[in-house]
Amino acid sequence: MKATAPGKIILFGEHAVVYNRPALAVPVEQVHVDVDVLDANEPGVWIHAPVINLQAELSTLPSDHPIGSVILKVFQHLGILTFPNISIIINSTIPVAAGLGSGAAVSVALVRALSSFMSLSLTNEQVNQLVFEIEKLHHGTPSGIDNTVITYNMPVYYMKDKPIETFRSGKPFTIVVGDTGIPAPTKESVGDVRRLWLRDSNRFEVIFNEIAQISLIARRSIESGRPEMLGELMDHNHEFLQQMTVSSPELDVLVYAARKAGALGAKLSGGGRGGNMIALVDPALAESVAEGLMSAGAKRTIITEIK
């Protein structure tokens with residue numbers, strides 16, 4: 000049995016989402032996790048994940064191992080007490096610790112492949128809920144954005160403590176992702192924003208309100224088939240993220256390089272101070288914007304069409 004799951008990027012609303020404002024995220028199908036589950040020739044649950052140099056039998060892994068714990072959680076959820084003799088092969092093209100949802104994508108693909116192998120079909124809702132529980136094991140209090148975008152493979156509009164809404168794009172649009180190659184220290188940047196907010200909450204509440212408006216207008220623009228409106232919104236959102244101190248010289252260089260190469264707008268995406276930036280581009284200019292980002296120091300680029 001085989002299953003695949005895409006990556007994801009946050010388009011708008013990162014950091015403000017922590018303060019009960021909306022965020023928008025979309026799937027990135029150009030990078031993905033693929034999981035194969037096969038009958039094994041020897042006893043045990045064998046895991047082969049060449050990307051992280053893992054080749055081991057499940058019982059030899061510590062109980063909190065990121066992949067081992069997912070498999071155990073799935074067996075528990077499916078009510079499987081006697082483990083089958085299987086070989087699980089995990090391949091991924093999603094960069095780790097780059098804000099592209101690699102952890103949630105591994106979980107979604109594993110849940111789907113294992114449940115299919117056991118001839119048990121799970122709905123998207125069941126997969127999403129199970130992966131959210133797995134995300135809690137690894138992240139404590141995850142937002143739920145990653146698992147939802149990746150499970151449903153659709154754009155998501157998210158507000159804390161409210162039901163997550165999926166929606167459709169009225170017209171496809173193209174995004175170029177540029178990776179700084181620096182792991183994004185999300186926990187640290189979130190903590191720094193909190194300290195700044197405590198020191199000057201009035202100023203930061205105004206910033207968060209402005210970002211909330213950007214996210215709302217962005218959703219309407221996407222749904223109504225006017226994605227070209229997103230460029231200017233990205234530029235504004237990036238300015239607010241700079242004011243929050245979560246950008247970095249490396250991210251700013253890539254953002255400006257994308258605009259100079261013809262992007263309609265650009266901003267950092269995710270926790271900041273590393274990780275990725277994104278740029279809205281005319282499809283005809285996607286390659287030249289990607290080249291401009293590489294020349295400006297990006298370690299890799301991804302061109303993706305959001306549908």
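Counting from 1, position 206 in the sequence shown corresponds to residue 205 in numbering that gives the first Met the number 0; the numbering is continuous, with no gaps. From the three backbone atoms N, C-alpha and C, an ideal C-beta is built for every residue, glycine too. Since this is a predicted model, take the numbers as computed values, not measurements.
- DSSP, read as helix, strand or coil, puts residue 225 in coil.
- Beta-bridge annotation (DSSP): residue 295 is not paired with any residue.
- Counting only unbroken stretches of 3 or more residues, the beta strand (DSSP E) elements lying wholly within the region 45-85 are 53-56, in sequence order.
- Rounded to whole angstroms, residue 35 and residue 105 show a C-alpha spacing of 12 angstroms.
- For residue 6, the uninterrupted beta strand (DSSP E) segment begins and ends at 1-11.
- Taking C-beta atoms under 8 angstroms as the contact rule, residue 210 and residue 7 fail to qualify, at a distance of about 19 angstroms.
- In the displayed model, residue 248 falls within a helix according to three-state DSSP.
- Taking 8 angstroms as the upper bound for CB-CB distance, residue 57 and residue 73 are not in contact here, some 11 angstroms apart.
- In this structure, the alpha-carbon of residue 166 lies about 18 angstroms from that of residue 174.
- For residue 192, the enclosing alpha helix (DSSP H) has its first and last residue at 185-198.
- According to the DSSP assignment, residue 102 belongs to the alpha helix (DSSP H) that extends over 101-116.
- Taking one beta carbon from each stretch, the region 77-96 and the region 47-54 have 3 or more pairs nearer than 8 angstroms; the two touch.
- At least 8 angstroms separates the beta-carbon of residue 168 from that of residue 206.
- Within the same chain, Cβ atoms closer than 6 angstroms to the Cβ of residue 185 are found at 270, the five residues on either side in sequence being excluded.
- In this structure, residue 224 places its C-beta atom within 8 angstroms of the C-beta atom of residue 170.
- In this structure, the CA atom of residue 82 is about 15 angstroms from the CA atom of residue 60.
- Each residue's CA atom was taken as its position, placing residue 130 and residue 107 some 6 angstroms apart.
- Taking each of 243, 213, 153 in turn and checking the Cα distance to residue 190, the smallest one comes out for 243.
- According to the DSSP secondary-structure assignment, residue 177 is paired through a beta bridge with 276, 300.
- In the structure shown, residue 220 falls within a helical segment according to DSSP collapsed to helix, strand and coil.
- The straight-line gap separating the alpha-carbon atoms of residue 259 and residue 5 is approximately 29 angstroms.
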